[in-house]
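> Encoded as structure tokens, here's the structure I'll be asking about.
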Amino acid sequence: MAAQTVASTTNSVDLGPAAALSCRECGHRVPLGPVFACEECFGPLEIAYDFSAYDTEELRKKIEAGPANIWRYAPLLPVPADVADKPNINPGWTQLVKADNLARELGVTGGLYIKDDSGNPTHSFKDRVVAQAIEAARAFGFTTLSCSSTGNLAGAVGAAAARAGFRSCVFIPHDLEQGKVVMAAIYGGELVGIEGNYDDVNRFCSELIGDPAGEGWGFVNVNLRPYYAEGSKTLAYEICEQLGWRLPDQLVVPIASGSQLTKIDKGLQELIKLGLVEDRPYKIFGAQAEGCSPVSVAYKAGHDVVRPQKPDTIAKSLAIGNPADGPYVLDIARRTGGAVEDVNDEQVVDAIRLLARTEGIFAETAGGVTVGVTKKLIENGLLDPSLTTVVLNTGDGLKTLDAVAGTGLTATIRPSLDSFREAGLV
53 MAAQTVASTT
63 NSVDLGPAAA
73 LSCRECGHRV
83 PLGPVFACEE
93 CFGPLEIAYD
103 FSAYDTEELR
113 KKIEAGPANI
123 WRYAPLLPVP
133 ADVADKPNIN
143 PGWTQLVKAD
153 NLARELGVTG
163 GLYIKDDSGN
173 PTHSFKDRVV
183 AQAIEAARAF
193 GFTTLSCSST
203 GNLAGAVGAA
213 AARAGFRSCV
223 FIPHDLEQGK
233 VVMAAIYGGE
243 LVGIEGNYDD
253 VNRFCSELIG
263 DPAGEGWGFV
273 NVNLRPYYAE
283 GSKTLAYEIC
293 EQLGWRLPDQ
303 LVVPIASGSQ
313 LTKIDKGLQE
323 LIKLGLVEDR
333 PYKIFGAQAE
343 GCSPVSVAYK
353 AGHDVVRPQK
363 PDTIAKSLAI
373 GNPADGPYVL
383 DIARRTGGAV
393 EDVNDEQVVD
403 AIRLLARTEG
413 IFAETAGGVT
423 VGVTKKLIEN
433 GLLDPSLTTV
443 VLNTGDGLKT
453 LDAVAGTGLT
463 ATIRPSLDSF
473 REAGLV
């Protein structure tokens, strides 16, 4: 395999505090390299760190003095110390919007915030994870950056590769929203449509990694996945810092593969262990679209195993029918006292409009899922409206215009005051 060839030469790579790769299932450790599955039990590998040398107050000062992007947290990420000096799209430090208007509509009294990641360079949270992956790709000597994607990741890889001087070749389901196709293609890399859904695309990419044709390719969400996934921790870091170095009481996070939710929890736990926030309870809620809700179904049935589904939803960025981190999402929801819920497509659209009308934030369908699930959780008594709640919007609504087709002009009038009055607008 191409990944194994590269891995054998990478035992001394400089990736900051990253110490090794550790299996999430059996704890087996291997040196840092472009591998993603444990050789002992085939469990997923993730980054293990050595933070033992850090002083809490010195670390806090260093973070606060850092750049207004994710590299302010470089001491907590698998990246070299000089990462901020390298060509990267530098995502992060997006707005945490205090959503008082939406709070009144939903009956939230404890403080409601939208973490709006549509402000990233390619207008989704995927810029965070790709920024991490491309630093690992540099360290491991890859020349081509690739991925399997439901849309947002394809654009993020294309942009980051262009900025860093990599070739890119990304793979998507052939029937994605046109806005996402255009955004992924505009950066000049190869964009390949696969006949099938995301799970079919992902299987193809896994096969390509083991073929000579994939030699020198870094697949951000396959052989670079342990590094890539760490980018989602920066959402947790930012939320807590923007709240004045305190944990939120409740978070509502969308579920596609489930990795974002699990890494947000990992980030919160790291902040607690480092003494950067006070250790107190928090709840994490997962949000899915009803047409692709394998984790929600498993949670409600009390199962530990997630049964795959064939996706059928307008929320295509969340349409992963066999989510790799699904079982870990269930563990976190249950451990923290949260839940996993889903909403149908009509509720997704209503929630997109609700957020836009109340807070001026135009979310893509994934944001409609989180806002819709938040509303449903409150109505069902699962989310406490008296507690501080953070809801994630992970992308820009301009990417999923088809979802709100029919939204348009209030009226068409002649250029006269009489016509304006006849339209009933005064």
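Those letters in the sequence shown? Residues 53 to 478, per this note's numbering, in order.
Just so it is clear, CB atoms sit at the ideal spot from N, CA and C, and this is done for glycine as well.
Here the structure is a predicted model, which means the values were calculated and not measured.
#1: Go ahead and pull the three-state DSSP assignment for Lys451.
#2: What number of angstroms, rounded off, separates the C-alpha of Asn140 from the C-alpha of His355?
#3: Since Cys221 is in the alpha helix (DSSP H), which residue starts that stretch and which ends it?
#4: Less than 9 Å separating the beta-carbons of Cys199 and Asn273?
#5: Which one of Pro467, Gly458, Phe94 and Thr441 has the shortest CA to CA distance from Arg298?
#6: Between Ile366, Glu293, Asp252 and Ile307, which has its C-alpha nearest Glu330's C-alpha?
#7: Quick one: grab the DSSP three-state call for Leu243.
#8: What is the C-beta distance between Ile404 and Ala455, in whole angstroms, given that I count them as a contact (C-beta under 8 Å)?
#9: Report yes if the C-beta distance between Leu154 and Val181 is below 9 Å; otherwise report no.
#10: Report the rounded CA-to-CA distance for Trp269 versus Asp66, giving the unit in angstroms.
#11: Does the distance from the CB of Ala237 to the CB of Gly203 come in under 9 Å?
#12: Could you check the C-alpha separation between Pro130 and Asp179 for me, to the nearest Å?
#13: Quick one: Cα of Ala54 to Cα of Gly262, how far?
#14: Are the Cβ atoms of Gln340 and Asp394 separated by less than 9 Å?
#15: From Leu320, Asn445 and Pro363, pick the residue whose C-alpha is nearest to that of Lys335; which is it?
#16: Per DSSP, Ile336 forms a beta bridge with which residues?
#17: Specify, as a first and last residue, the run of the beta strand (DSSP E) that Tyr101 falls within.
#18: Going along the chain, which residues of its own chain have a beta-carbon closer than 7 Å to the beta-carbon of Val135, five neighbours each way excluded?
#19: Compute the Euclidean distance between the alpha carbons of Arg277 and Thr462, then round it to the nearest angstrom.
#20: Should Asp169 be labelled buried (16 or more other beta-carbon atoms within 10 Å of its own) or exposed?
#21: Answer with buried or exposed for Ala70, where buried requires no fewer than 16 other C-beta atoms within 10 angstroms of its C-beta.
#22: With DSSP as the reference, label Thr440 as helix, strand or coil.
#23: Check Ala463 in the structure and name its three-state DSSP category.
#24: From Asp364, Asn374 and Ile366, pick the residue whose C-alpha is nearest to that of Val358; which is it?
#25: Quick one, which of Ala367, Pro333, Tyr380 and Leu328 has its alpha-carbon nearest Ala350's?
#26: Give the DSSP-derived three-state secondary structure of Ile291 in the structure shown.
#27: With 16 other CB atoms within 10 Å as the buried threshold, where does Asn63 fall?
Concretely, from the data shown:
#1: Numbered from its first residue, the sequence shown carries residue 451 at position 399. Looking at Lys451 - three-state DSSP - the assignment turns out to be helix.
#2: Translated into the one-based positions of the sequence shown, residue 140 becomes position 88. Translated into the one-based positions of the sequence shown, residue 355 becomes position 303. Asn140 and His355: Cα-Cα distance of roughly 41 Å.
#3: As a first step, residue 221 must be located in the sequence shown, where it is residue number 169. Counted as a single uninterrupted DSSP element, the stretch harbouring Cys221 is not any alpha helix (DSSP H) but the beta strand (DSSP E) occupying residues Arg219 to Pro225.
#4: Taking the sequence shown and counting its residues from 1, the one referred to as residue 199 is at position 147. Taking the sequence shown and counting its residues from 1, the one referred to as residue 273 is at position 221. Closer than 9 Å, so yes.
#5: Working through the sequence shown from its first residue, we reach residue 298 at position 246. When each option's Cα is compared against that of Arg298, the closest is Thr441.
#6: As a position in the sequence shown, residue 330 is number 278, starting the count at 1. Closest by alpha carbon: Glu293.
#7: Numbered from 1 along the sequence shown, position 191 holds the residue referred to as residue 243. Under the three-state reduction of DSSP output, Leu243 falls in the strand class.
#8: Reading the sequence shown from its first residue, position 352 is the one you call residue 404. Reading the sequence shown from its first residue, position 403 is the one you call residue 455. Indeed, because the Cβ distance is near 7 Å, the residues count as touching under 8 Å.
#9: For the purposes of this step, residue 154 is taken as residue 102 along the sequence shown, with counting starting at 1. For the purposes of this step, residue 181 is taken as residue 129 along the sequence shown, with counting starting at 1. Going by C-beta atoms, Leu154 is not nearer than 9 Å to Val181.
#10: Counting from one through the sequence shown, the residue named residue 269 turns up at place 217. Counting from one through the sequence shown, the residue named residue 66 turns up at place 14. Roughly 20 Å separates the two Cα atoms.
#11: Along the sequence shown, one-based indexing puts residue 237 at 185. Along the sequence shown, one-based indexing puts residue 203 at 151. Cβ atoms of Ala237 and Gly203: not closer than 9 Å.
#12: Reading the sequence shown from its first residue, position 78 is the one you call residue 130. Reading the sequence shown from its first residue, position 127 is the one you call residue 179. Approximately 16 Å between the Cα atoms of the pair.
#13: Counting from one through the sequence shown, the residue named residue 54 turns up at place 2. Counting from one through the sequence shown, the residue named residue 262 turns up at place 210. Bear in mind that a pLDDT of 36 at Ala54, under 50, signals an unreliable position, so the number given afterwards is only what the model happens to contain. Distance between the alpha carbons of Ala54 and Gly262 is about 6 Å.
#14: By one-based count along the sequence shown, residue 340 stands at place 288. By one-based count along the sequence shown, residue 394 stands at place 342. Yes, these two residues count as a Cβ contact at 9 Å.
#15: One-based indexing of the sequence shown puts residue 335 at position 283. Of the candidates Leu320, Asn445 and Pro363, the one whose C-alpha sits nearest the C-alpha of Lys335 is Leu320.
#16: Start at 1 with the first residue of the sequence shown, and residue 336 comes out as number 284. As a beta-bridge residue in DSSP terms, Ile336 pairs with Leu303.
#17: For the purposes of this step, residue 101 is taken as the residue at position 49 of the sequence shown. Note, Tyr101: beta strand (DSSP E), Leu97 to Tyr101.
#18: Numbered from 1 along the sequence shown, position 83 holds the residue referred to as residue 135. When the five nearest sequence neighbours on each side are left out, the beta carbons in the same chain lying within less than 7 Å of the beta carbon of Val135 are those of Trp123, Ala126 and Glu187, in order along the chain.
#19: For the purposes of this step, residue 277 is taken as residue 225 along the sequence shown, with counting starting at 1. For the purposes of this step, residue 462 is taken as residue 410 along the sequence shown, with counting starting at 1. Taking the straight line from one Cα to the other gives about 46 Å.
#20: Within the sequence shown, numbered from 1, the residue matching residue 169 stands at position 117. Result: buried.
#21: Position 18 of the sequence shown, counted from the first residue, corresponds to residue 70. Buried, because 16 or more other Cβ atoms sit within 10 Å of the Cβ of Ala70.
#22: Position 388 of the sequence shown, counted from the start, is the residue given in the question as residue 440. In this structure, Thr440 counts as coil in the three-state DSSP scheme.
#23: For the purposes of this step, residue 463 is taken as the residue at position 411 of the sequence shown. Here Ala463 sits in coil by DSSP.
#24: Counted from its first residue, the sequence shown places residue 358 at position 306. That would be Asn374, whose Cα lies nearest to the Cα of Val358.
#25: The count along the sequence shown starts at 1 and reaches residue 350 at position 298. Answer by Cα proximity: Tyr380.
#26: Looking up residue 291 in the sequence shown gives position 239. Three-state DSSP puts Ile291 in a helix.
#27: For the purposes of this step, residue 63 is taken as residue 11 along the sequence shown, with counting starting at 1. In this prediction, Asn63 has a pLDDT of 46, which is less than 50 and means its spatial position is unreliable; nothing more can be read from the coordinates.
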